[in-house]
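Input: a single structure, listed below in structure tokens.
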Amino acid sequence: MEALAIRDDMGDKTAVVGANTLQLIAFSIGEQTYGVEITTVREIRAWNGATPLPNTREFVRGVINLRGTIVPIFDLRARFGDGQTSPTKNHVVVVMSVGDKWVGILVDAVSDILTVSRDDIHNVPEGNAIDTELLNGIVTHDSRMVGLIDLHAVVSGAKMDG
Amino acid sequence: MSDLDDFKATYFDECSELLSELEEQFAAIEAGERDADRLNAVFRAIHSIKGGAGAFGFSGLVGFAHAYETLLDYVRDGRVELTDDVVTLCIKANDIVADHVSAAKNGEELPAEYGHEEKVRFDVIARGGSGAGSEDDDMNGEIIEEFDIEFTPVRVELKVDEAEESGEDDAFDAPPLEAAPGSWEVRFTPFRQLYARANDPLLLLRELGVLGEMSVRAVMHDVPALGDFEPFGVYCSWEITLSAPDLTDAAIREVFEFVEGDCEITIVPLGATLSRSVAPAGMPAAAAEPGVADLLALTEDEVADVAARPAAAAAPAVEEEPALSFADLADEIKASAPPRPVAPPPAPKPVAPPKPAPSGEGGEDGGNRSVGVQSIRVDLDKVDRVVNMVGELVITQSMLTQQMDETLRARYTELVRGLEVLAQTTRGLQDSVMAIRAQPVKSVFSRMPRLARELATKTGKRIKLETIGENTEIDKTVIEQLSDPLTHMIRNSADHGIETPEKRRAMGKSETGTIRLSAEQAGGNILIVVEDDGAGINRERVLQLARDKGIIAPDITPTDEQIDQLIFAPGFSTADAVSDISGRGVGMDVVLSNIKKIGGSVHVRSWTGKGSRVTLRLPLTLAVLDVMLVKVGDSPYVVPLSSIVETMQCSRANFERVPSGGQVLQVRGEYVQTIDVAQRFELPTQTDPDDRFVVLCETEGSQKVALVVDDIIGQQQVVIKSLEENFERVDGIAGGTILGDGNVALIVDVQGLRATQFHKNAA
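These protein sequence lines are chains W and F, in that order. Quick note on numbering: my numbering labels position 94 of the first sequence as 111, and the sequence is numbered without any gaps. Quick note on numbering: my numbering labels position 525 of the second sequence as 600, and the sequence is numbered without any gaps.
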């Protein structure tokens with residue numbers, strides 16, 4: 018049942034390669050690989066600094082100028098609770114659209130584009146709330162585990178409480 | 076289908092302009108300026124609304140507008156006196172027309188009897204005024220039920236002489252031509268385009284037949300032999316005699332109004348010779364006339380113009396008419412056009428002859444109406460795009476200028492000169508673009524008199540609304556945000572401020588309360604002030620209520636000014652009973668939030684027993700902001716220049732400690748709350764405290780606040796970018812902007828910082 022629900026969730030915004038396949042942009046944080054659906058990605062750019070935003074949580078790295086619009090940058094490592102990334106020129110910002118907003122996700126590197134079958138998407142094992150909250154599912158590719166990022170969850174709760 | 080929707084949208088746009096024009100005209104008329112120009116403008120507005128409504132089949136609106144128009148027509152030619160009662164009725168009628176329009180716009184149906192009472196009153200007044208106008212009325216009534224885009228001005232213009240010389244009441248709208256009314260000879264010669272526009276002479280003739288007894292003779296002698304017969308040629312014309320009691324030539328002309336310009340029509344009283352009527356002059360003039368479709372697209376004045384032309388062209392055809400020829404008419408009007416003293420308001424009998432548009436231009440310069448201004452409608456999105464791009468251009472230009480260091484300057488003098496010219500041009504471009512978006516506040520102000528009237532009726536108070544400075548121009552986006560706050564403020568003044576007539580009398584004030592709405596430009600800001608001469612804010616009650624509702628802690632004793640500001644707190648309302656005017660506790664906080672949203676501030680002052688004044692301070696434009704660029708930690712921040720009073724080095728500033736551990740700044744004997752921005756935003760700073768700077772800012776209600784920043788970089792112009800577009804609102808930050816080097820700088824929300832600081836201290 019749950020797997021079905023995920024498929025429905027993703028199906029409406031997928032440019033379908035085959036009826037039952039999904040294309041992902043895979044990127045790494047440390048040793049781990051994560052993926053987002055390719056259709057949500059707008060652009061990939063090198064880290065070039067960001068203007069810090071006061072009164073926000075530590076995973077909000079600040080805002081950048083993307084051709085005249087201001088786009089917030091989220092530090093995915095910090096979002097997972099592993100502390101802030103110390104970014105270099107080699108770090109990468111993946112700009113994506115979430116709903117009608119554009120956001121950037123700071124990751125270590127972008128690896129490749131994966132084509133996976135929807136049938137291969139597994140549920141996130143219950144246990145840790147962070148995992149189930151931030152991941153939509155898990156898929157195996159070349160015997161690597163790829164976590165499917167739930168963008169809506171990643172960008173929520175950015176403001177400091179109080 | 077979508078075309079029709081487009082037309083409808085345009086029509087409703089125009090309606091709202093016309094309705095505000097009506098409001099404006101009647102404001103002047105009510106104030107005693109009862110000259111013919113104003114009446115004509117009113118008439119034109121109603122006529123246009125009616126015309127469009129007819130085309131779209133809004134029958135309720137057409138019916139009401141027609142009745143109203145009839146009354147206006149009578150007023151205009153002096154048959155009905157423009158008494159105060161009539162003016163009041165007209166103003167009421169404007170409101171009803173507005174309701175009809177908005178109902179039509181929303182696709183709603185108003186109850187059939189809506190406005191009926193007024194309609195009846197129109198009739199009573201019209202009949203009372205004209206004595207014998209019934210025939211005319213009934214006839215119009217019939218026709219109007221269907222499509223009606225009549226050009227009544229023609230009829231009136233031809234009667235200028237009459238109105239002038241007869242002056243008396245018995246001038247029952249009959250020129251000598253119609254002295255023996257009833258029998259007419261009409262010659263109708265269609266042109267080719269009449270058929271091309273799918274008109275059928277037969278239908279026209281049938282319609283004529285309805286007017287009275289008719290005989291028709293087809294003139295066939297031009298029909299060629301079959302061999303020369305050109306299939307689309309026009310060879311036939313008709314001679315018609317018509318007779319019916321009281322039949323006027325205007326009524327006949329009305330039948331032909333849809334084909335005006337597509338045919339030649341001569342109408343003469345029976346007995347006058349037709350032979351001369353085939354005047355060569357008629358041809359070229361008429362041929363140049365636009366068709367009905369074009370007419371629909373014309374503006375009011377042009378319509379009057381076009382409508383007048385065929386009449387002029389036809390003039391030589393009729394014996395008596397040379398006296399009314401167009402040139403003479405124009406002279407006549409010129410003679411009377413200079414602002415001659417208009418008849419005393421109560422009895423403007425000898426109404427100045429309505430001016431035909433073409434010659435009227437000379438005489439219209441007296442008014443400040445924008446009659447001759449040409450305009451186009453442009454999607455606001457397109458303008459916004461230009462504004463944004465110009466904003467970027469300004470920034471790029473300033474970045475280029477900054478890049479020029481001394482060595483470059485010395486080496487490339489031509490380049491420097493070019494940059495200087497570029498700077499000037501961009502500045503000019505920016506001003507022009509801003510001017511496109513600027514609109515007079517009139518467009519919102521003009522909605523307020525109606526509100527005041529309705530409030531007066533509902534509350535039983537007597538309220539006069541004065542507006543001042545309505546030509547002050549502000550950015551359109553600011554204006555759009557102004558309507559709700561103004562509505563609430565005026566409601567509040569009417570409901571809580573102005574007292575009942577009895578109370579006012581008892582206090583020795585005039586029974587009519589005055590609400591004054593004014594707009595003026597003050598530096599880079601626009602001040603909108605709503606003042607009333609009512610009771611002022613009842614501070615005791617306000618304080619009591621604020622305490623009851625937990626808006627303010629019981630142990631705090633605020634100053635009078637602070638109490639006044641409490642009325643803007645959300646959920647605050649002092650009305651004893653919840654009325655449908657105000658008192659639900661939403662209202663004044665809407666004012667505050669709306670105004671804040673557009674970067675303005677609100678300030679209220681009150682004098683017990685004498686009245687209160689709410690001042691809105693608004694930015695001139697939302698697109699470009701003059702700012703001071705400062706550094707906090709390693710990040711660039713900008714502070715709006717309009718809020719900065721002065722800056723100074725920390726080493727020279729006079730700080731004092733307060734028990735909370737914070738600092739206050741002493742400036743010229745005043746103690747000012749101090750906010751260390753780095754500390755507040757939790758940004759690390761290595762700057763020596765003495766090398767830091769104080770930026771003294773002024774916020775709402777002249778409250779000052781001192782911001783401590785690490786460095787001051789300079790002044791510049793920036794384009795405001797929204798943070799919320801891709802993120803969400805951040806406390807203490809009003810938005811972002813992009814600097815010349817491509818980095819993002821955040822705009823400090825001075826007012827917001829102050830408020831959150833309070834929070835923190837309180838917590």
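Built from N, CA and C at the ideal position, the CB exists for glycine as well.
Residue span of the beta strand (DSSP E) that contains residue i, given as start and end
i, result
"I673(F)", "Counting along the chain, I673(F) falls outside any beta strand (DSSP E), and DSSP gives it neither H nor E."
"K517(F)", "From DSSP, K517(F) is part of no beta strand (DSSP E) but of the alpha helix (DSSP H) over 517-520."
"R78(W)", "77-83"
"F139(F)", "Not the beta strand (DSSP E): F139(F) falls in the alpha helix (DSSP H), residues 134-151."
Within chain W, partners of residue i - CB distance below 8 Å
i, result
"A820(F)", "T68"
"I511(F)", "Ordered by position in chain W, no residue passes the 8 Å Cβ test against I511(F), which lies about 21 Å from the chain."
"I788(F)", "Correct list: empty, because the minimum Cβ distance to chain W is about 14 Å."
"E96(F)", "Under the 8 Å cutoff, chain W gives no residues; its nearest Cβ is about 39 Å from E96(F)."
"S848(F)", "Residue 848(F) falls outside the range modelled here, since chain F spans only 76 to 838, and no answer is possible."
Exposure label - residue i; buried when at least 16 CB within 10 Å
i, result
"Y86(F)", "buried"
"W682(F)", "exposed"
"T227(F)", "At T227(F) the pLDDT is 39, less than 50, meaning the model places this residue with poor confidence; the figure from the coordinates comes in the next sentence. T227(F) comes out buried."
"R452(F)", "exposed"
"M703(F)", "buried"
"A301(F)", "At residue 301(F) the sequence reads Leu, which differs from the Ala that was named. By the neighbour-count rule (16 or more Cβ atoms within 10 Å), L301(F) is not buried but exposed."
"P711(F)", "buried"
"E54(W)", "buried"
"S521(F)", "buried"
"H169(W)", "exposed"
"R281(F)", "exposed"
"Y278(F)", "Rather than Tyr, the amino acid found at residue 278(F) in this sequence is Leu. So L278(F) counts as exposed."
"Q449(F)", "exposed"
Interface partners of residue i on chain W, CB under 7 Å
i, result
"G807(F)", "P71, N72"
"I750(F)", "Going along chain W, no residue has its Cβ under 7 Å from I750(F), so there is no contact; the nearest lies around 12 Å."
"G811(F)", "V80, I87"
"G817(F)", "N82"
Terminal residues of the alpha helix (DSSP H) in which residue i lies
i, result
"V553(F)", "551-555"
"L317(F)", "Here L317(F) belongs to no alpha helix (DSSP H); instead the beta strand (DSSP E) covers 312-318."
"G126(F)", "111-131"
"V462(F)", "455-478"
"K533(F)", "523-534"
"K539(F)", "First-last for K539(F): 538-543, but that is the beta strand (DSSP E), not the alpha helix (DSSP H)."
"R566(F)", "558-567"
"Y189(F)", "Unbroken run through Y189(F): none, as it is neither H nor E."
Beta-bridge partners of residue i, as assigned by DSSP
i, result
"W64(W)", "Bridge partners of W64(W): none, in fact."
"D751(F)", "V783(F)"
"I122(W)", "F91(W), V111(W)"
"P694(F)", "N600(F)"
"D159(F)", "None; D159(F) has no bridge partner."
Beta-carbon neighbours of residue i, restricted to chain F and to distances below 7 Å
i, result
"W119(W)", "N801"
"P89(W)", "N801, F802"
Chain F residues whose Cβ lies nearer than 8 Å to that of residue i
i, result
"T86(W)", "K796, E800, N801"
"A175(W)", "F802, E803"
is_contact[residue i, chain A] using C-beta, thresh 8 Å
i, result
"I81(W)", "Here chain A cannot be found, since the structure's protein chains are W and F."
C-alpha gap between residue i and residue j, whole angstroms
i, j, result
"M474(F)", "Q596(F)", "30 Å"
"P420(F)", "L114(F)", "For P420(F), the predicted model reports a pLDDT of 41, less than 50, meaning its position is unreliable; a value from the coordinates is still stated below. C-alpha separation (whole angstroms): 13 Å."
"L700(F)", "P715(F)", "7 Å"
"R62(W)", "G116(W)", "21 Å"
"D159(W)", "V707(F)", "48 Å"
"G52(W)", "N181(F)", "48 Å"
"A392(F)", "R292(F)", "Caution is warranted here: a pLDDT of 42 is assigned to A392(F), below 50, making its placement in the model unreliable, and the coordinate value is therefore given only provisionally. Their backbone Cα atoms lie some 20 Å apart in a straight line."
"Q778(F)", "M509(F)", "30 Å"
"F802(F)", "G789(F)", "28 Å"
"T534(F)", "I642(F)", "21 Å"
"V819(F)", "D506(F)", "25 Å"
"E96(F)", "S123(F)", "12 Å"
"I200(F)", "V516(F)", "36 Å"
"F730(F)", "Q741(F)", "6 Å"
Chain-ordered neighbours of residue i on chain W, where CB pairs are closer than 9 Å
i, result
"E757(F)", "P71, N72"
"E467(F)", "G85"
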